[in-house]
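Take a look at the structure below.
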Amino acid sequence: MFQRSSAAALAALSLVALAGCGDTKDKSSSGGSGKTVTVFAAASLTETFTKLGKDFEGSHPEVKVRFSFGGSSTLAQQITQGAPADVFAAASGTTMKTVTDAGDASGQPTVFAKNRLVIAVPKGDPGKVHALADLAGAKLKVVLCAEQVPCGAAAKKALAAANLKVKPVSQEQDVKAVLTKVRLGEADAGLVYRTDTRAAAGQVEGIEFPESAKAINDYPIAALSKAPQPALAKEFVQFVLSQQGKAALGAAGFEAP
Amino acid sequence: MTVLRGRRTQRSADRTRGRPPLVLMLPALVGLAFLVLPLAGLLWRAPWSTLGTRLGEPQMLEALKLSLVSATIATGLCLLFGVPLAWMLARAPFRGVRLVRALVTVPLVLPPVVGGVALLLVLGRRGLVGEWLDRAFGITLPFTTSGVVLAETFVAMPFLVISVEGALRAADARYEEAAATLGAGRWTVFRRVTLPMAAPGVLAGAVLCWSRALGEFGATITFAGNFPGRTQTMPLAVYLALETDPQAAIVLSLVLLAVSVAVLATLRARWTATP
Numbered sequence: 001m002f003q004r005s006s007a008a009a010l011a012a013l014s015l016v017a018l019a020g021c022g023d024t025k026d027k028s029s030s031g032g033s034g035k036t037v038t039v040f041a042a043a044s045l046t047e048t049f050t051k052l053g054k055d056f057e058g059s060h061p062e063v064k065v066r067f068s069f070g071g072s073s074t075l076a077q078q079i080t081q082g083a084p085a086d087v088f089a090a091a092s093g094t095t096m097k098t099v100t101d102a103g104d105a106s107g108q109p110t111v112f113a114k115n116r117l118v119i120a121v122p123k124g125d126p127g128k129v130h131a132l133a134d135l136a137g138a139k140l141k142v143v144l145c146a147e148q149v150p151c152g153a154a155a156k157k158a159l160a161a162a163n164l165k166v167k168p169v170s171q172e173q174d175v176k177a178v179l180t181k182v183r184l185g186e187a188d189a190g191l192v193y194r195t196d197t198r199a200a201a202g203q204v205e206g207i208e209f210p211e212s213a214k215a216i217n218d219y220p221i222a223a224l225s226k227a228p229q230p231a232l233a234k235e236f237v238q239f240v241l242s243q244q245g246k247a248a249l250g251a252a253g254f255e256a257p
Numbered sequence: 001m002t003v004l005r006g007r008r009t010q011r012s013a014d015r016t017r018g019r020p021p022l023v024l025m026l027p028a029l030v031g032l033a034f035l036v037l038p039l040a041g042l043l044w045r046a047p048w049s050t051l052g053t054r055l056g057e058p059q060m061l062e063a064l065k066l067s068l069v070s071a072t073i074a075t076g077l078c079l080l081f082g083v084p085l086a087w088m089l090a091r092a093p094f095r096g097v098r099l100v101r102a103l104v105t106v107p108l109v110l111p112p113v114v115g116g117v118a119l120l121l122v123l124g125r126r127g128l129v130g131e132w133l134d135r136a137f138g139i140t141l142p143f144t145t146s147g148v149v150l151a152e153t154f155v156a157m158p159f160l161v162i163s164v165e166g167a168l169r170a171a172d173a174r175y176e177e178a179a180a181t182l183g184a185g186r187w188t189v190f191r192r193v194t195l196p197m198a199a200p201g202v203l204a205g206a207v208l209c210w211s212r213a214l215g216e217f218g219a220t221i222t223f224a225g226n227f228p229g230r231t232q233t234m235p236l237a238v239y240l241a242l243e244t245d246p247q248a249a250i251v252l253s254l255v256l257l258a259v260s261v262a263v264l265a266t267l268r269a270r271w272t273a274t275p
């Protein structure tokens with residue numbers, strides 16, 4: 001009895017799963033009366049873009065904005081492999097270049113923001129970190145981003161500019177992972193974007209350092225050439241570049257391009 | 001070739017039991033294709049010409065060694081604690097055994113990343129137990145190879161427990177009773193009667209456990225971080241290689257695949273000769 005009902009449940013579940021998998025643009029967009037615009041954006045944009053998405057939906061009642069946040073290079077890979085995205089906002093020029101080189105961007109990408117690194121330390125700064133040079137201390141547990149991802153490349157550049165050798169205990173896969181390690185107190189310090197420490201204010205403290213000027217990340221945005229919703233894609237890009245977009249980005253700690 | 005052989009066995013089956021029903025065969029074949037095709041894709045896209053040089057890269061060998069060592073130690077820990085746990089679930093009657101069984105299987109359904117965070121909250125430097133470990137013994141587990149082993153053990157142990165418990169339940173308890181009436185103590189019964197009877201299940205569980213540990217990603221990167229030679233196992237190396245060099249990621253995946261297939265095949269041939 002139990003077996004039969006669980007088998008039926010399984011069958012039903014797999015049907016649902018299959019239906020869910022075949023998520024094509026027409027289905028997801030005609031799910032009511034409106035359309036859906038899909039935005040792939042760097043992890044560091046999570047808070048700002050979520051808010052901007054809500055605002056965009058507010059001014060376009062027919063439209064739903066769907067986000068996929070992640071490491072820029074992963075997202076770029078997904079786009080060149082044919083992921084159905086309308087807009088791509090990257091945390092570095094190199095990751096955007098992957099997409100433009102593959103011919104997947106419609107027109108030239110526009111830089112809409114800049115972000116700089118800060119030292120993130122747990123609340124109360126138990127490791128007594130005041131400047132970038134302190135990260136080279138032998139007893140300090142430092143986490144950085146892996147060099148393969150934009151925040152890691154920036155960290156490497158900043159440390160090289162300061163002529164410092166830092167031995168991290170871990171090279172994390174994205175900037176939010178670094179932040180988590182600092183937030184939980186597992187690491188004494190980490191290099192993250194200024195916007196990340198703002199978003200986690202209260203749990204981590206951000207320490208600015210002058211060498212960060214040598215490693216400033218550009219954030220380019222582009223509508224994609226294979227966008228399921230090309231008109232909406234352009235509109236969303238314009239919205240991010242608008243005064244309203246700039247204000248939201250500025251409030252989160254981004255710098256103007 | 002395989003099709004022909006398939007036909008022949010099918011024909012002999014026809015005579016005895018009739019044709020296999022299409023309603024089963026069709027989904028079975030779809031399922032098989034779904035599982036096999038992605039692997040074929042990996043083989044098809046593999047950079048065969050540069051494979052040799054890529055395989056010799058020290059960072060890859062480092063990651064492979066770390067993966068094999070940590071997965072093996074994790075399996076050892078799983079056996080050490082998991083077999084008694086399975087015995088408890090199968091043989092020791094107590095109230096709330098269902099609840100305990102459900103708790104044991106939690107890591108199966110928990111996203112491994114959440115498992116990693118949970119481990120941090122308990123065993124991390126500021127965790128419930130970890131803080132005491134740090135203060136009393138100066139031991140910190142995150143960002144160490146021990147951390148990798150712990151993360152893998154956490155994720156893989158349920159596989160072993162479930163498998164062994166199933167084997168213990170299937171084993172005939174009358175042999176144990178007979179041994180007990182002949183004067184054997186409970187420990188002797190377990191060692192001389194119960195364990196040998198459940199051996200195939202223990203081995204199957206250990207193999208499953210080892211494979212799961214070898215492929216572990218989420219809990220490891222969350223709890224132990226990622227540092228080459230210390231905590232960067234093969235799956236972590238694959239993930240990071242994907243960021244910049246997908247070809248390297250494919251090579252790493254192939255190596256992992258080849259190693260696990262080789263080990264599983266050897267084990268199967270040697271010890272788990274199922275009829």
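These protein sequences, in sequence, are chains A and B. For the first sequence, our numbering assigns the number 1 to the initial residue and increments by one for each residue that follows. For the second sequence, our numbering assigns the number 1 to the initial residue and increments by one for each residue that follows. C-beta atoms are modelled at their ideal positions from N, C-alpha and C, and glycine is treated no differently.
Check: Under the rule that 16 or more other beta-carbon atoms within 10 Å means buried, what is residue 96 of chain A, buried or exposed?; Outcome: buried
Check: Could you check whether the Cβ of residue 57 of chain B sits closer than 7 Å to any Cβ belonging to chain A?; Outcome: no
Check: Would you please verify whether the beta carbon of residue 103 of chain A is less than 7 Å from any beta carbon of chain B?; Outcome: no
Check: Let me know the secondary structure DSSP gives residue 152 of chain A once reduced to three states.; Outcome: helix
Check: Do three or more CB pairs link the stretch 140-156 of chain A to the stretch 165-181 of chain A at distances below 8 Å?; Outcome: yes
Check: So, does the CB of residue 203 of chain A fall closer than 7 Å to a CB anywhere in chain B?; Outcome: no
Check: What three-state label does DSSP hand residue 252 of chain A in the structure shown?; Outcome: helix
Check: Check each candidate in A:177, A:80 and A:38 and name the one with the smallest Cα separation from residue 68 of chain A.; Outcome: A:38
Check: How would you label residue 92 of chain A, buried or exposed, when you count the other beta carbons within 10 angstroms and need 16 or more for buried?; Outcome: buried
Check: Check residue 24 of chain A in the structure and name its three-state DSSP category.; Outcome: With a pLDDT of 41 at residue 24 of chain A, under the threshold of 50, the modelled position of that residue is not reliable, and the figure given next carries that caveat. Coil.
Check: Determine, using beta carbons only, whether residue 128 of chain B comes closer than 7 Å to chain A.; Outcome: no
Check: Is the beta carbon of residue 224 of chain A sitting closer than 7 Å to the one on residue 88 of chain A?; Outcome: yes
Check: Residue 192 of chain A: which of A:140, A:139, A:245 and A:253 sits nearest, CA to CA?; Outcome: A:253
Check: Between residue 146 of chain A and chain B, is there a C-beta pair that is closer than 7 Å?; Outcome: yes
Check: Can a CB atom of chain B be found closer than 7 Å to the CB of residue 21 of chain A?; Outcome: Only weak support exists for where residue 21 of chain A lies, its pLDDT of 45 falling under 50; the coordinates are left without a value.
Check: Do residue 72 of chain A and residue 42 of chain A have their beta-carbon atoms positioned less than 7 Å apart in this structure?; Outcome: yes
Check: One question on the structure: do residue 206 of chain A and residue 129 of chain A come within less than 7 Å of each other, judged by their Cβ atoms?; Outcome: no
Check: Per DSSP, what kind of secondary structure is residue 38 of chain B in: helix, strand or coil?; Outcome: helix
Check: Out of B:122, B:45, B:107 and B:132, state which residue places its alpha-carbon closest to the alpha-carbon of residue 161 of chain B.; Outcome: B:107
Check: Does residue 69 of chain A come out as helix, strand or coil in the three-state DSSP assignment?; Outcome: strand
Check: In terms of residue numbering, what span does the alpha helix (DSSP H) encompassing residue 170 of chain A cover?; Outcome: Counting along the chain, residue 170 of chain A falls outside any alpha helix (DSSP H), though it belongs to the beta strand (DSSP E) covering 170-172.
Check: Is there a Cβ from chain A that is less than 7 Å from the Cβ of residue 61 of chain B?; Outcome: no
Check: If distances are taken between C-alpha atoms only, which option among B:114, B:234, B:220 and B:130 comes closest to residue 152 of chain B?; Outcome: B:220
Check: Could you name the residues of chain B that residue 169 of chain A contacts, counting a contact when the two beta carbons are closer than 9 Å?; Outcome: 142, 143, 144, 225, 227, 230 and 231
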